[in-house]
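Participant: In the numbering used here, the protein residues as written are 79 to 457.
Cβ atoms here follow ideal geometry from the backbone N, Cα and C, with glycine treated the same way.
All of these numbers come straight from a predicted model, not from anything done at the bench.
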Amino acid sequence: MKRREFVTALGVGAAATTLVACGDKESEQLGLNSDNATDSSAAKSVNKKQKIKWKLVTSWPKNFPGLGTAPENMAKLVEQMTGGNFQIKVYGAGELVPAMEVFDAVSQGTAEMGHSGAYYWKGKIPAAPFFTAVPFGMTAQEINAWVHYGGGLDLWRELYKPFGILPVAGGNTGVQMAGWYNKEINSIDDIKGLKMRIPGLAGEVWEKLGGTAVRLPGGELFTSLQAGAIDATEWVGPYNDLAFGLHKAAKFYYYPGWHEPGGMLEFDINQKAYDQLPEDYKHILTTACRAINQDMLDEYTARNNTALTDLVEKHNVQVRRLPDDVLMQLRKISEEVVADVAHTDDLSKRIYESYLKFKNSSNAYHQLSEKAYLNARDI
Ligand code: CA
Numbered sequence: 079m080k081r082r083e084f085v086t087a088l089g090v091g092a093a094a095t096t097l098v099a100c101g102d103k104e105s106e107q108l109g110l111n112s113d114n115a116t117d118s119s120a121a122k123s124v125n126k127k128q129k130i131k132w133k134l135v136t137s138w139p140k141n142f143p144g145l146g147t148a149p150e151n152m153a154k155l156v157e158q159m160t161g162g163n164f165q166i167k168v169y170g171a172g173e174l175v176p177a178m179e180v181f182d183a184v185s186q187g188t189a190e191m192g193h194s195g196a197y198y199w200k201g202k203i204p205a206a207p208f209f210t211a212v213p214f215g216m217t218a219q220e221i222n223a224w225v226h227y228g229g230g231l232d233l234w235r236e237l238y239k240p241f242g243i244l245p246v247a248g249g250n251t252g253v254q255m256a257g258w259y260n261k262e263i264n265s266i267d268d269i270k271g272l273k274m275r276i277p278g279l280a281g282e283v284w285e286k287l288g289g290t291a292v293r294l295p296g297g298e299l300f301t302s303l304q305a306g307a308i309d310a311t312e313w314v315g316p317y318n319d320l321a322f323g324l325h326k327a328a329k330f331y332y333y334p335g336w337h338e339p340g341g342m343l344e345f346d347i348n349q350k351a352y353d354q355l356p357e358d359y360k361h362i363l364t365t366a367c368r369a370i371n372q373d374m375l376d377e378y379t380a381r382n383n384t385a386l387t388d389l390v391e392k393h394n395v396q397v398r399r400l401p402d403d404v405l406m407q408l409r410k411i412s413e414e415v416v417a418d419v420a421h422t423d424d425l426s427k428r429i430y431e432s433y434l435k436f437k438n439s440s441n442a443y444h445q446l447s448e449k450a451y452l453n454a455r456d457i
């Protein structure tokens with residue numbers, strides 16, 4: 079099915095099904111209804127003719143595969159479900175605000191919405207990385223479950239409330255790759271002195287092991303790596319890394335992505351702008367975001383495979399696995415760095431404890447399900 083057909087098919091059907099199928103209580107759990115609206119108040123405010131135009135700023139190059147097309151697809155769904163009355167214009171990084179100012183722009187109302195990754199706001203909100211990825215943390219399947227059925231969404235909303243932002247899950251890349259290097263990593267000592275673009279809490283792990291962690295937006299990675307301003311970089315996985323041409327600037331492509339085992343993206347919504355929407359538009363907006371949250375993961379799951387084949391067969395990229403002892407030491411330091419966030423304040427502690435409890439219980443079952451099955455498939 080072509081993308082336009084998929085978006086059209088998903089359109090009205092997804093919203094209608096969800097709204098009919100869910101009572102208020104269930105809708106709240108799903109993150110589809112954050113304001114306790116009842117069916118009767120929703121019915122009163124139905125106003126499909128109300129014209130609304132919003133701006134959405136992103137941390138990605140305009141229309142960048144996956145990350146950049148997700149907000150465009152979300153905006154298309156909203157437009158289709160409102161008969162063209164609710165229009166959201168999507169801006170690439172730097173078009174309206176720089177990549178790393180998306181959160182502030184939405185908080186201040188410069189744009190009504192943003193699409194980015196929570197871990198970029200770590201300097202301002204230490205617990206934010208739990209809502210993108212933490213090293214050796216949850217996979218896409220697990221973090222979606224925690225956010226939507228394990229209490230994660232309520233904690234996330236509490237975390238962003240002081241900034242006037244309503245967060246909604248906005249896609250997931252799946253397990254990422256560990257990154258691009260020009261020298262081999264054979265022992266933990268090879269990390270010493272290595273200047274790598276690696277965001278979030280993983281950057282702190284990197285520094286504890288003697289490396290230098292650099293924070294750069296995606297659009298600057300290729301030139302920085304090629305010019306030698308950085309020695310190594312992680313970005314996403316084969317689909318996105320091929321699009322940036324990172325294989326032209328580094329020889330070795332390492333796995334697994336210990337630092338981002340399920341990178342979740344976010345839609346940031348300005349709370350005041352959201353509160354002013356008619357009730358049906360609120361449901362349409364959150365339903366479209368939820369649909370795109372899953373759609374992005376589906377797209378990455380499909381495209382990473384073919385992109386990896388291209389990187390290896392057409393571009394002679396050398397794929398390397400990080401050695402076990404390196405992974406073990408990365409995991410040990412990661413556990414310390416992630417646990418340190420709990421000391422920040424009461425909310426950070428509650429987020430850490432909720433995350434860890436969910437991850438441990440999910441891990442116990444996944445030993446018998448996902449992991450056992452994937453191993454069984456290779457016997
Ligand atoms: Ca990444």
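Give the secondary structure of Ala87 by DSSP, where H, G and I count as helix, E and B as strand, and everything else as coil.
Facilitator: In this predicted model, Ala87 has a pLDDT of only 39, less than 50, meaning its place in the structure is not dependable enough to derive any value.
Participant: Where in the stretch 118-163 do unbroken runs of the alpha helix (DSSP H), each at least 4 residues long, occur, reported from the N-terminal end onward?
Facilitator: Counting only runs of 4 or more, we get 147-159.
Participant: For Gln165, name the three-state secondary structure that DSSP assigns.
Facilitator: Gln165: strand per DSSP, three-state reduction.
Participant: Just the Cα atoms here: how many angstroms apart are Gly335 and Ile166?
Facilitator: Gly335 and Ile166: Cα-Cα distance of roughly 33 Å.
Participant: Could you give the distance in angstroms between the alpha-carbon of Trp199 and the alpha-carbon of Ile457?
Facilitator: Cα-Cα distance, rounded: 43 Å.
Participant: When the Cα atoms are used, what is the spatial distance from Asn260 to Gly323?
Facilitator: If I take the Cα positions, the gap works out to 15 Å.
Participant: Beta carbon of Val314: closer than 7 Å to some heavy atom of ligand 1?
Facilitator: Yes; taking the cut-off as 7 Å, the Cβ of Val314 has a heavy atom of ligand 1 nearer than that.
Participant: Which term fits Asn141, buried or exposed, when burial requires 16 or more other beta carbons within 10 angstroms of its beta carbon?
Facilitator: The residue in question, Asn141, is exposed, as its Cβ has fewer than 16 Cβ neighbours within 10 Å.
Participant: When the Cα atoms are used, what is the spatial distance from Leu375 to Thr251?
Facilitator: In a straight line, the C-alpha of Leu375 is about 6 Å away from that of Thr251.
Participant: Which residues in the same chain have their Cβ closer than 6 Å to the Cβ of Lys131, if we skip the five residues on either side of it in sequence?
Facilitator: The answer, listed in chain order, is Gln165.
Participant: Where do the N-terminal and C-terminal ends of the beta strand (DSSP E) with Asp346 fall, by residue?
Facilitator: Run containing Asp346: Met342 to Asn348, per the beta strand (DSSP E) assignment.
Participant: Quick one: grab the DSSP three-state call for Asn250.
Facilitator: Residue state, collapsed to three classes: strand.
Participant: Is Met274 closer than 8 Å to Val292 when the C-beta atoms are compared?
Facilitator: Cβ distance < 8 Å, so Val292 and Met274 count as in contact.
Participant: Could you tell me whether the stretch 216-236 touches the stretch 177-184, using the rule of 3 or more Cβ pairs below 8 Å?
Facilitator: No: the two stretches stay apart, fewer than three of their Cβ pairs being nearer than 8 Å.
Participant: From Gly242 to Ser426, what does the alpha carbon distance come to, in whole angstroms?
Facilitator: Near 18 Å, if we compare the C-alpha coordinates of Ser426 and Gly242.
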